[in-house]
Amino acid sequence: MTRPAPDGPVDGPAPDGSVDAPVPGAPAPDGPASAAAAAPVLELRGAAHRYPHGPAVVEGIDLAVRPGRALALLGRNGSGKTTLLRLLTGSLRPTSGRLLCAGEEVRHDRRGLDRLRRTVQLVLQDPDDQLFSASVGQDVSFGPLNLGLPEDEVRARVDEALAALEITGLRDRPTHLLSFGQRKRAAIAGAVAMRPRALVLDEPTAGLDPQGTERLLGLLERLRGDGTTVVMATHDVDLALRWADDAALLTPAGLRTGDAGLLLGDPALLEDAGLRPTWAHAAADVLRAHGLLADGDPPPRTPQQLAHWARPTPAVGH
Amino acid sequence: MTRPAPDGPVDGPAPDGSVDAPVPGAPAPDGPASAAAAAPVLELRGAAHRYPHGPAVVEGIDLAVRPGRALALLGRNGSGKTTLLRLLTGSLRPTSGRLLCAGEEVRHDRRGLDRLRRTVQLVLQDPDDQLFSASVGQDVSFGPLNLGLPEDEVRARVDEALAALEITGLRDRPTHLLSFGQRKRAAIAGAVAMRPRALVLDEPTAGLDPQGTERLLGLLERLRGDGTTVVMATHDVDLALRWADDAALLTPAGLRTGDAGLLLGDPALLEDAGLRPTWAHAAADVLRAHGLLADGDPPPRTPQQLAHWARPTPAVGH
Amino acid sequence: MHIAEGYLPPLHAVAWSAAAAPFVVHGARALTREVRENPGSTLMLGASGAFVFVLSALKIPSVTGSCSHPTGTGLGAVLFRPPVMAVLGTVTLLFQALLLAHGGLTTLGANVFSMAVVGPWAGYAAYRAVRALRGSLMPAVFAAAFTADLTTYCVTSAQLALAFPDPATGFAGALAKFGGIFAVTQVPLAVSEGLLTVLVVRLLGQSGRGELARLDTTGREDTTDAEGTVAR
Amino acid sequence: MLPIDAAAHTSRWRRRHPVDKAVLALGLTAAAVALPPWPGAVLVGAVTLVLLLCAARVPAGRLWRAFRVPLGFCVTGSLTLLVQVNGFSDPAGFVGPAPDGPLHAAELLARTAAASLAVLLFAFTTPLSDVLPRLTALGVPPAVVDVTALVYRMSFLLLDSVSTVREAQAARLGYTDRRAARRSLAGLGATAFVRAFDHAARLQDGLAGRGYTGSLRVLVDDVRICPRFVAASLALVACVTGTALLLGRILP
Ligand SMILES: Nc1ncnc2c1ncn2[C@@H]1O[C@H](COP(=O)(O)OP(=O)(O)OP(=O)(O)O)[C@@H](O)[C@H]1O
Ligand SMILES: Nc1ncnc2c1ncn2[C@@H]1O[C@H](COP(=O)(O)OP(=O)(O)OP(=O)(O)O)[C@@H](O)[C@H]1O
Ligand SMILES: [Mg+2]
Ligand SMILES: [Mg+2]
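Structure (structure tokens):
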């Protein structure tokens, strides 16, 4: 993995000077977020990780996952997204620094991890890494059974998770006969059945077709509506902008966190993180340059939204 | 996989009526294409395939891969893209219909396939499905050795392929210590070392970060410059629009082929194929609606190009 | 448990290599024949070998609470037949010696003899015996894994006892010494491995993927199974 | 992923022909086993250690982490020589300290340690991927070589997925108690099996397009055996042997 040297400090104010402007893409302050507790669900403080015999993959990471907010993690291949998600969910132990869960430090022993895993669940990129039982229903029941719940409760949780992911009809199907998108949803159902406060997904839309992606986003939105905090790693900048409240970008100079609309509108930062500019921001710039979009208004989030401006009476806003 | 019923015939003229307009996105007629022979490199005629014990996955497929043109194949998950590519490269035998290579019918016996494989090479989505050897150099030498070439020639081909993919430095590296992007390029090098006239890639950019995608597109562009015809399956509509000359869309009503700019600008067709509208077309529509882009001009292909229109003096064209 | 590098005196090392060689050569012949008749089987055999290697690298909890590695030779012998297991087991042991510094090159012959020859044959025999007595699949699988595991350790104990006879009571005393040490640790492990193998086979059966066709054809010689591969 | 393998691929001696390194390392291994442990094995061990650290420049920390595994076996193995079995009738008890036990144990320890180090010299400098395609020259049937090379490649993929699956199971509390652990492990074993064969089937498809008809022949690097290195290695082994035998006469 060759990394370009960072071309200058990236910690200054956002170059478009819009720091004080109303934040595009952020939910209104009275959104579902404000109801939840104020302490971050998960927090890494000064965390670093190195794999045995390798250099440090991530270093000096400060990352807070705030309840009710959707967080997107972006970065180039090999920048350490998966590593960071594994740190956040306790699968890896930071070589230095700390992990806090709901404000309390997580001890990486059996009991500490047990507690953490009741709070946060990781969904891996490849669903086949998570599906190892013969049928979908069995697989989803694996986690709740390990929680030591009575059978009725396990059954209820499985039903609920399958319903949430809209795969109730697949309960008795063997996992290997499912399509990719179905397996993906079955894997998420396995995590959801643990009723985690936070759900962490590694590139959940990779390999899904655009409509499958839409559907998955809809499901995640529903889970958020039920109070689950969702974190995802992705390479798709436009998707992140559209979906996330907060963004975290892995750059060679370290992790940059902040409002998704602001960070993903900063071309230099995107370049540093191995990403490309978003269509949404480019379109918003064009619209603003021609007086079609007010300065404080959010950019169009999808091509469909952008197309509104091509209509005879441009619908400012949307 | 549930498929929406096709909503009406999709074979009529493109709904935007722009059939006669200069084709956006197509190369000038004196591009590299015109030098090559006129017969399609590969052609499927009335091809169908069903896996054992299943319904037909694809049916009545007519698809011509024209020399020197870049063809993108799109469709939802499970629509049969991979199946179609495998038919095209002879690794599946159509249950009915024919495959033609440079105008001649391919016989699916040892000799016929041997000849076909000197003409066309398939690169699978998962590089681990193609890399069997522990070292990159060894792996790339496998194909040329199977062609019965003398050792010197094999060595030369390996050098050339590694250079073309910019991985000469990885020759002695074990495949299991490479990053995903590096493995992807090693797998493509293994195909390129066969010096195929046509290179067929299944979702080559899946899992790559945006800059890795750029780099891969650059490499493919170079291969095209050297006279290789390239076909790829992808889910990324904007990528397809930007890269391809021709497009083929798998819809429930059958395969639709034609100019990429036209097909990918047709919202109903995209909907049918499980895709979403392109940002590029949405942006072009907005620009045209406001007189910023002439009717015949191609849409901006990247966010960077779109951003030109935000500059004080909008650069019409680009 | 493998015999570590350099543990055996030269004469013993050579003798055990000579004892294991015919089995491995026989296995290599069987494998070559298989590949010639059915070119696709190279990849299936590679997968089998990788499976055996990875299985032997798994950590499983033993009944006593300690952790140890299964030998995997019983399941391997039932799935892939003892001659092929002789080759795959040798490859596994070679890899363990060179990649993990487990076992060794001078002791390869002795380890092959116990783990890749005697263990698989004994496990396979136990499997066939239970099946012949009209036992159902799961007890047979348990018997295979348990027997293969245990005989491997018995042979290892004998090998060590031969190399290091007890100063006072000779071979018998040494056998009691080594056997006693292993019995404490290995009998529970063999039980664990047997149980686990049963669970694995049951899961494979439930998933209905046809992999178990291998097991069902083992009763009839020389029939190729659904995937037409390794079993012979 | 496997530390010894990763180190071998970046070894300073990577570009040497495997035969060069085999002659040196396996010659030393043979010497370690065949020579009288004192002073033979000790001398071989010392020479090998110098070669590992100074000539092949294997980082000491890595070497130690790899070496302590066989060393653990060596130590526990030698401990058994400290006791002898007297039998039930013996008044000294069923078991008792063996005469010369410590001496024999020390000798065995020296021999196994030296031999293990010598094999590590080979393992740390020679990736298996350089060795396997050349095994046909030793008379190993090509079919066996092909299978072995595939086992090597597929093992890494399988190890990777097995550790990922295990992690995913742990995240769903799959290893909290013994029952859960057993269920998880069974799932792991079944998954490994299914994955191995799935991968083989997909690889077969992938290779067919590249002209696969049953043989996995590849072109190996054209590095040559270096006669000087081989001669020097043989001389070193001979020298170590001679010195050991000579010292054996002089020393008590
Ligand atoms: N188990 C491991 N052992 C050693 N190194 C590892 C391991 N896993 C990952 N790495 C290395 O750590 C770095 C970060 O890997 P990681 O998987 O976190 O990246 P990523 O951002 O998720 O990449 P991608 O976008 O490709 O998924 C890479 O250089 C990788 O090679
Ligand atoms: N080997 C097979 N045996 C039986 N059915 C198969 C096989 N391979 C694919 N199918 C089925 O054929 C259909 C088409 O699969 P294919 O892989 O060609 O789709 P795809 O368009 O490439 O999908 P994706 O976008 O997910 O890669 C699917 O319904 C799939 O389940
Ligand atoms: Mg990742
Ligand atoms: Mg596909």
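As they're listed, the protein sequences go chains A, B, C and D.
Its first residue numbered 810, the first sequence is counted upward by one per residue in my numbering.
Its first residue numbered 810, the second sequence is counted upward by one per residue in my numbering.
Its first residue numbered 457, the third sequence is counted upward by one per residue in my numbering.
Its first residue numbered 524, the fourth sequence is counted upward by one per residue in my numbering.
Think of the CB as a built atom: it goes at the ideal place given N, C-alpha and C, for glycine as much as any other residue.
If you're wondering where the values come from, they're calculated on a predicted model, not measured in any experiment.
Query, Result
"Classify C/Ser570: buried if its beta carbon has 16 or more other beta carbons within 10 angstroms, exposed otherwise.", "buried"
"For D/Cys545, which residues from the same chain have a beta carbon less than 7 Å from its beta carbon, with the 5 sequence-adjacent residues on both sides left out?", "Looking at the sequence provided, one finds Ala at residue 545 of chain D rather than Cys. Excluding sequence neighbours, D/Ala545 sits near Phe645."
"Which residues in chain D sit within 8 Å of A/Thr898, going by Cβ to Cβ distance?", "Ala694"
"Could you compute how far the alpha carbon of A/Trp1118 sits from the alpha carbon of A/Ala1089?", "13 Å"
"Would you kindly work out how many angstroms separate the C-alpha atoms of B/Glu913 and B/Leu1059, rounded to a whole number?", "25 Å"
"Which partner residues of A/Leu931 appear in the DSSP bridge assignment?", "A/Val1009"
"Where does the unbroken beta strand (DSSP E) through B/Gly1074 begin, and where does it stop?", "Here B/Gly1074 belongs to no beta strand (DSSP E), and DSSP marks it neither H nor E."
"By the criterion of Cβ-Cβ separation under 7 Å, what are the contact partners of D/Ala731 in chain B?", "Ser900"
"Can B/Asn1129 be considered in contact with ligand 2, in the sense that its beta carbon sits closer than 7 Å to one or more heavy atoms?", "Any question about residue 1129 of chain B goes unanswered here, given that chain B covers just 810 to 1127."
"Among A/Asp1018, A/Glu852, A/Pro1061 and A/Asp1094, which one has its Cα closest to the Cα of A/Leu1079?", "A/Pro1061"
"If I follow the unbroken beta strand (DSSP E) through A/Val1040, where does it start and stop?", "Thr1038 to Ala1042"
"Should D/Gly734 be flagged as near chain B, meaning a C-beta pair shorter than 8 Å?", "yes"
"Could you give the distance in angstroms between the alpha-carbon of C/Gly462 and the alpha-carbon of B/Thr898?", "53 Å"
"Is B/Phe989 a contact residue of ligand 1, with contact defined as CB to any heavy atom under 7 Å?", "yes"
"Distance cutoff 8 Å, beta carbons only. Does B/Asn955 sit that close to anything in chain D?", "yes"
"Report the residues of the stretch 733-764 of chain D with a CB closer than 9 Å to any CB of chain B, ordered along the chain.", "Arg733, Gly734, Tyr735, Thr736, Ser738, Leu739, Arg740, Val741, Leu742, Val743, Asp744 and Asp745"
"Can you tell me where the alpha helix (DSSP H) with C/His482 in it begins and where it stops?", "Pro466 to Glu493"
"Where does B/Arg859 fall in DSSP's three states?", "strand"
"From the DSSP secondary-structure annotation, give me the bridge partner or partners of C/Ile459.", "In DSSP, C/Ile459 forms no bridge with anything."
"Which chain E residues are close to A/Ala1015, counting only those with a beta carbon under 9 Å from its beta carbon?", "No chain E is part of this structure, whose protein chains are labelled A, B, C and D."
"Kindly list the residues whose CB is nearer than 6 Å to the CB of C/His558, restricted to its own chain and excluding five residues on each side of it in sequence; keep chain order.", "His458 and Gln552"
"Just to confirm my understanding: we take D/Val688, look at its own chain, exclude 5 residues before and 5 after, and list those with CB closer than 7 Å. What are they?", "Leu711 and Thr714"
"For chain A, is any of its Cβ atoms less than 8 Å away from the one on B/Met810?", "With a pLDDT of 39 at B/Met810, under the threshold of 50, the predicted position of this residue should be treated as unreliable, and no value is reported."
"For a minimum of 4 consecutive residues, which ranges assigned as the alpha helix (DSSP H) are wholly contained in the stretch 514-592 of chain C?", "529-536, 538-555, 564-567 and 575-588"
"CA-CA distance, B/Asp1054 and B/Arg878?", "6 Å"
"Going by DSSP, name the residue or residues bridged to A/Gly1067.", "A/Ala1056"
"Indicate whether B/Leu974 and B/Arg992 have their beta-carbon atoms separated by less than 8 Å.", "no"
"Using 8 Å for Cβ pairs, my map puts D/Ala633 next to D/Trp587. What's the rounded Cβ distance?", "The pair is not a contact, with the Cβ atoms about 18 Å apart (cut-off 8 Å)."
"Let me confirm a value: A/His862 is counted as buried when at least 16 other C-beta atoms fall within 10 Å, else exposed. Which label applies?", "exposed"
"Excluding sequence positions up to five away, which residues of its chain have a Cβ less than 7 Å from the Cβ of A/Arg926?", "Gly899"
"Distance, Cα to Cα, D/Val746 vs A/Leu1032?", "59 Å"
"Of the residues A/Gly855, A/Arg980, A/Asp1081 and A/Gln1020, which one's Cα is nearest the Cα of A/Gly946?", "A/Arg980"
"According to DSSP, which residues form a beta bridge with C/Asp622?", "C/Gly626"
"Mapping the DSSP letters down to three states, classify B/Ile870 as helix, strand or coil.", "strand"
"Considering Cα atoms alone, identify which of C/Ala566, C/Phe509, C/Ala542 and C/Ala475 is closest to D/Val667.", "C/Ala542"
"Is the closest heavy atom of ligand 4 to the C-beta of B/Asp1011 under 7 Å?", "yes"
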